[in-house]
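Worksheet: one structure, shown below.
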Amino acid sequence: MAGEQAPEASPRPDETDYGCADRFVIPAKGATVERLRRWREAALVLNACRRFRYTLDLKEDEEKEQIRRKIRAHAQVIRAALLFKEAGEEPNGGELPETPPRGFGIGEKQLTVLTRDHNYSTIQEYGGVKGLANLLKTNLEKGIHGDEADLSCRANAFGANRYPRKKGKSFWVFLWEACQDLTLVILIIAAVISLVLGIATEGIKEGWYDGTSIAFAVFLVIVVTAVSDYKQSLQFQYLNEEKQNIQVEVIRGGRRIQVSIFDIVVGDVVALKIGDQVPADGVLISGYSLAIDESSMTGESKIVMKDQKTPFLMAGCKVADGYGTMLVTAVGLNTEWGLLMASISEDNNEETPLQVRLNGVATLIGIVGLSVAAMVLIVLFARYFTGHTTNSDGSGQFVKGQTSVKSTIFGSIKILTVAVTIVVVAVPEGLPLAVTLTLAYSMRKMMADKALVRRLSACETMGSATTICSDKTGTLTLNQMTVVQSIVGGMKLQPPTIVDNSSSTFENLSPTVISLLLEGIAQNTSGSVFEAEDGSVEVTGSPTEKAILSWGVELHMKFVEERSKSAIIHVSPFNSEKKRAGVAVVVRDSDVHVHWKGAAEIVLALCTSWLDVDGSTHEMTPDKANQLKKLIEDMAEQSLRCVAFAYRNLDLKDVPSEEQRINWQLPDNDLTLIAIAGMKDPCRPEVRGAVELCIKAGVKVRMVTGDNLKTARAIALECGILENSEVSERDIIEGKEFRAYDDAEREKIAGNISVMARSSPSDKLLLVKALKKRGDVVAVTGDGTNDAPALHEAHIGLAMGIQGTEVAKESSDIIILDDNFSSVVKVVRWGRSVYANIQKFIQFQLTVNVAALVINVVAAVSSGNVPLNAVQLLWVNLIMDTLGALALATEPPTDELMKRSPVGWREPLVTNIMWRNVFIQAVFQVVVLLTLNFRGRNLLHLTQDTLDHSSKVKNTVIFNTFVLCQVFNEFNSRKPEELNIFDGVSRNHLFVVVVSTTVVLQVVIIEFLGKFTSTVRLNWELWLVSLAIAFVSWPLAFVGKFIPVPNTPLKDLIVRCWPKRKQGDERASPPGEQESPPV
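Mapping of the sequence shown onto this note's numbering: residues 762 to 1840, in sequence order.
Below you can see the structure in the form of structure tokens.
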């Protein structure tokens, strides 16, 4: 289509890249307080309460941090004082005279004090963790019963894991804030004065209309504004509650289940793993290398190791490493975290880059509007007091020495109300809030598309994304792993699904091989197997753990029985850097077995021997190693993830004592290979289409995976990330190779990389940094705790909702609730939709602004009268501001959005296409309506009527035509670049309702409310005239879209007209500073 722009996506810079010229530019992440304060000071604001409602309250943010410090200090002082007091008391003097709740051996206060004091000796008095569990009627292995009666009883006895939240603002608060608009206050005062003077001059029967009509119009604006704002706040409250609803794994009735953090009760046994948030206060039951980050509670960035001597766990802290189980001893307000959360508001307000830029646009338009209003005020007063204005009957409105003081004040008030109303129309207070409206709408709809937005700015930034660095497992694949091939004891087993039907395969394995394999599967895992009484088996854990445990079950493993045969003495949790996990166990004959499992080729490289099918051990010769490598590669080419199992024997004397064991590094040399399993994780069926959609949209998809090169290549080909298997070395690379380059080389090759295999989280971080330096707007997915730095560094961090840890989620901007890559692509569509909807609203509002201002200014200067009075302008403002935002800012995303290039950060908010559309429509409206204003009596054949009546009819037609032009132009604004403006209109029910309501109310105003709006009823011919003129805007817009526009932004074209000024600006700009984004 002629005139369509194809802008290239330009980089979104960091904060240091911005020029100082434009205060209305902030980075998407990490803006400094000074930068946030600067744009607030520069904004022209008439109603600060409303304008800054959804921005970060800088003062409140400081107060929150002070409260946090006070609560931390308060808790620590109380703990120290109680410990000091206890130290001086007799051993039996510290008993609390509290009667325990019925059915339990300990009371709520005793538990709270126990947890708050972190007093290990008190736990010992209760008989240790086991004794405490008995008092709470908890089985440390199977947890609580977990039925409704049990949960209700515990919640009544010890409290629920909730805390009182500060109530959101009521509707009346929003109504009061809407009343604080300076212009509306002036109009209300003017309405009161007008009402008093009108009644005094014309009597109560006729004199109350003018003042009442203005007051009612102002009231209508206030109510509609308050209702719209209140609905937005309810949506944000709902989203905040969703963000806080963390899922926690607990053991109830012997089964591991997921429950909401709010449903945790005292006595629960909670399973913790790396990345989890501690959901309540409690004590450690058992743990392996369990390290807790307590910075959120203590304020100190220190990782604390937890063991049986330091077992206390505080709610709100994060698991930094290891895994374990805890017994919940305090919940809700009985925890320091509960007190903290109840004391601070969780509004999470923030300003977004687009919101700040729109404040700049509103300020610019407002300055022009104020200037025009001031000029109109001066001209009208000058014409009025010099006798150049006339009444409808032709007589002068002001005659020196003859006009009464009341009439003079009355006339002056009317002039003032017109000027102030022009300010109301000209200063678009609702423009920045339109971003909030579209974000609130988009966030609610994105929840249905399985995306939970944590940071508002991410919605906007996602529309500019030029590359997505995606994980493989669970995002591109189904996360449903099954072992389909395996090599045990040097021989290839039949697929596990048919092991039982095999005549010889499983039976050929010696008891030694079977015993070692099942021991390694059962003990070296963070998952579990629950065997119900009816014989059914339930496997829990990560997808990899579930696949391996399911394989073990199919190999006749009895999980509980297998774990009871040996005792775990030390664990080395899975490490994404080393790509393996280890465990040391003591078997009944006092032998120590160290089991390892991990990436097949990495574990294989650590093996010096292998276990044969008969249980004998053989040296790992180069030929045997190459044979096994070939088998691994064959499986990898079939898109299988290969995991190897190995072990080694240790003497008990080589194992450190229990005190020294915490820092023990499990030996991983001289291993003996037991087995290799190949797991299949099928690609999601919708992924290929989603990847193709991204490519068409100018967004490059890169796969970052821990799998080996061949598996990664096979999956990438299946997903469509790689078009063919013949790709260059720069397209597919291993993490260690990328890591070896220096910064400059990494930046150079990063753009070519489509697949990064065997990557660690640090490699992902390096890739993100290199892509950012190249100018890409980077979105990155992640689920592990170690992914947090990359998620934080990227412009948009996307955490996985199912497999993602709480640490990853807190570092992210958006949570993908179903872990599906197609949901990531939907987020891109919504991001582009936010930006597009704001542009639609700006185009619509600019057209109304320009037309209304020009019409009133020209009429005021030329004749001293304005065709659009205060009440009419307030109605136009309502259409333009609140109703217009509702109609246009809530347009759902279309497929057309994904056929464009990403929106460049350097692109102007008002594009040349938008300027063209605004110019065409505004010029049309101004020409037609001014023609009606000056020649309307003749053109509408009103010369036979009295001058008074014909003037009222003419002004009514002007008002009616102007409003209908805006209604028709709303359709044009839906599709600024497309020819078919009606496409999808029936699917946007809110748009249809808003437009229909506007038309119905306009009919009611013209036909029934003439006394209030200074209009008269129109006959059907004049209605047709108004409709016909407004209708012309449609074909005009259609033809106008064929007019070509330059690609160079209008601002740059204007600057080129003043080369000297441009040079001066360049000299004034500090070196390295780039030009700020144009309005």
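By construction, the Cβ of each residue, glycine as well, lies at the ideal position given by its N, Cα and C atoms.
Where VAL730 falls: helix, strand or coil (DSSP):
This structure does not reach residue 730, given that the chain is present from 762 up to 1840, and the question cannot be answered.
Could you give the DSSP three-state label for PRO1663: helix, strand or coil?
coil
Residues bridged to TRP1357 [DSSP beta-bridge criterion]
GLY1343, ALA1407
Please confirm whether PHE1073 and VAL1044 have their CB atoms less than 9 Å apart.
yes
Specify the secondary structure class of LEU1239 as computed by DSSP and reduced to three states.
coil
Exposure label - HIS1379; buried when at least 16 CB within 10 Å:
exposed
Assigned secondary structure, LYS1067 (DSSP; H/G/I helix, E/B strand, else coil)
coil
Alpha-carbon to alpha-carbon, LEU797 and VAL1768
Per the sequence shown, residue 1768 should be read as Glu rather than Val. Answer to the nearest angstrom: the Cα atoms are 49 Å apart.
Put MET1675 into one of helix, strand or coil per three-state DSSP.
helix
Reference LYS1094; option with closest CA among GLY868, ALA1076, TYR1084
The question names Lys, but residue 1094 is Leu in the sequence shown. Cα-wise, what sits closest to LEU1094 is ALA1076.
Are the Cβ atoms of HIS1354 and LEU1279 separated by less than 9 Å?
no
Would you report the Cα separation of TYR991 and LYS1530, rounded to the nearest angstrom?
41 Å
Alpha carbon of ILE1064 to alpha carbon of MET1058, nearest angstrom
12 Å
Check the C-beta distance from PHE919 over to GLU886 and give it rounded, since I have them as a contact under 8 Å.
The Cβ separation is near 20 Å, so there is no contact.
Quick one: Cα of VAL1166 to Cα of ILE1176, how far?
15 Å
Rounded separation between THR873 and VAL1027 - CA only
11 Å
Under the three-state reduction of DSSP, which class applies to VAL946: helix, strand or coil?
helix
Local conformation of GLN996 per DSSP, three classes
helix
Element boundaries [beta strand (DSSP E), containing HIS1553]:
Looking at the DSSP string, HIS1553 is not in any beta strand (DSSP E); the run it does join, the alpha helix (DSSP H), is 1549–1554.
Around the C-beta of ILE1139, are 16 or more other C-beta atoms found within 10 angstroms, so that it is buried, or is it exposed?
exposed
Helix, strand or coil for THR1227, going by three-state DSSP, please let me know.
coil
Check whether the segment 1797–1817 and the segment 1670–1683 touch, using three or more Cβ-Cβ pairs below 8 Å as the test.
yes
Does the segment 1189–1209 touch the segment 1616–1624, meaning 3 or more C-beta pairs lie closer than 8 Å?
no
Please classify SER1327: does DSSP put it in a helix, a strand, or coil?
strand
LYS1079 - containing beta strand (DSSP E), residue span:
1079–1091
Can you check which of these residues, ALA1226, TYR1596, ASP1373, is closest to VAL1462 by C-alpha distance?
ALA1226
Residue range of the beta strand (DSSP E) that THR1301 falls in?
1298–1301
Are the beta-carbon atoms belonging to VAL1186 and MET1641 less than 9 Å from one another?
yes
CB-CB under 6 Å to MET1208, same chain, minus the five flanking residues each way: which ones, in chain order?
none
Under 9 Å between C-beta atoms of HIS1553 and VAL1539
no
Length-filtered (4 minimum) alpha helix (DSSP H) runs lying within the segment 1142–1213:
1166–1187, 1191–1209
What residues in its chain sit with their C-beta under 7 Å from that of VAL1133, if we drop five residues either side in the sequence?
ILE1183, ALA1187, LEU1614, VAL1618
Quick one: grab the DSSP three-state call for MET1318.
coil
Does the pairing of the segment 1461–1478 with the segment 1390–1407 give three or more beta-carbon distances under 8 Å?
yes
As assigned by DSSP and simplified to three states, the class of GLU1420:
coil
Stretch-stretch touch, CB-based, cutoff 8 Å, three pairs: the segment 1323–1336 with the segment 1383–1401
no
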